Amino acid sequence: MDLNRFVRSPYDRQEEDLPTASAEDVEFSEELADEDDREAQQRAAEADRRQED
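According to numbering that gives the first Met the number 0, the sequence shown is numbered sequentially starting from 0.
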């Protein structure tokens, strides 16, 4: 008996098997922000300014 025919390869995955991400709105909280959060917020603001120019 060939058991390999029962093993699914990653290439056999169907669309419904794949994980999906949901879009989630996240509000920034200065009280909960750490240094990385503040740095990311600053980089985002600088990128926004560059796009406006």
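We put the CB at the ideal spot given by N, CA and C, even for glycine.
Predicted, not measured: the structure shown is a model, and the values here were computed from it.
**Asked** Can the beta-carbon of Phe27 be found less than 9 Å from the beta-carbon of Asp35?
**Response** no
Between the CA atoms of Ala39 and Asp47 - distance to the nearest angstrom = 12 Å
Beta-carbon within less than 7 Å of Asp24's beta-carbon, same chain only, minus the 5 sequence neighbours each way: which residues are those? none
Rounded to a whole number of angstroms, what is the C-alpha to C-alpha distance between Gln50 and Asp33?
26 Å
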